[in-house]
Each structure stands twice: as C-alpha cells, then as structure tokens.
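The structure appears right after this line, and notes come after that.
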Amino acid sequence: MDATDDAVHGDQERRFFHGHYDRYCFLSLYVFAGDHLLAA
Numbered sequence: 085m086d087a088t089d090d091a092v093h094g095d096q097e098r099r100f101f102h103g104h105y106d107r108y109c110f111l112s113l114y115v116f117a118g119d120h121l122l123a124a
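The following block contains the structure:
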C-alpha cells in the first residue's frame with residue numbers, strides 16, 4: 085500500500101488539508117503486489 089498526495093489548486097471537491105505537507109491535496113491510496121498495481 086502506498087498513499088500519494090496530489091496537491092490541488094483552487095476549491096476542488098474532495099480535497100482536504102494535509103498538515104504534514106501544509107497544503108490542500110487529494111490523498112490517493114494505491115495497492116501493489118510486487119510491481120503490479122492491484123487497486124487505486
């Protein structure tokens with residue numbers, strides 16, 4: 085599993101403030117098995 089933050093600009097739906105990065109972003113979760121992406 086890997087969570088990847090993607091910074092957003094403006095007032096987009098489903099954004100949230102991430103305190104660690106000190107910005108608004110989407111936080112996508114990816115599930116891998118080795119080098120293969122299983123779910124996003």
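Position 37 (the sequence shown) corresponds to 121 in the numbering used here; numbering is contiguous. Backbone N, C-alpha and C define an ideal beta-carbon position, used for all residues, glycine too.
Practice task
Give me the Cα-Cα distance between L122 and V115, rounded to the nearest whole angstrom.
Solution key: 5 Å
Practice task
Could you give the DSSP three-state label for Y108: helix, strand or coil?
Solution key: strand
Handout entry: Cβ pair G92, R98 closer than 7 Å
Key = The identity of residue 92 in the sequence shown is Val, whereas the question assumes Gly. No, the Cβ-Cβ distance between V92 and R98 is not below 7 Å.
Practice task
Could you say which of M85, A117 and D90 lies nearest to D106 if we only look at CA atoms?
Solution key: D90
Problem - Per-residue DSSP class, three states only, for D119 - result: coil
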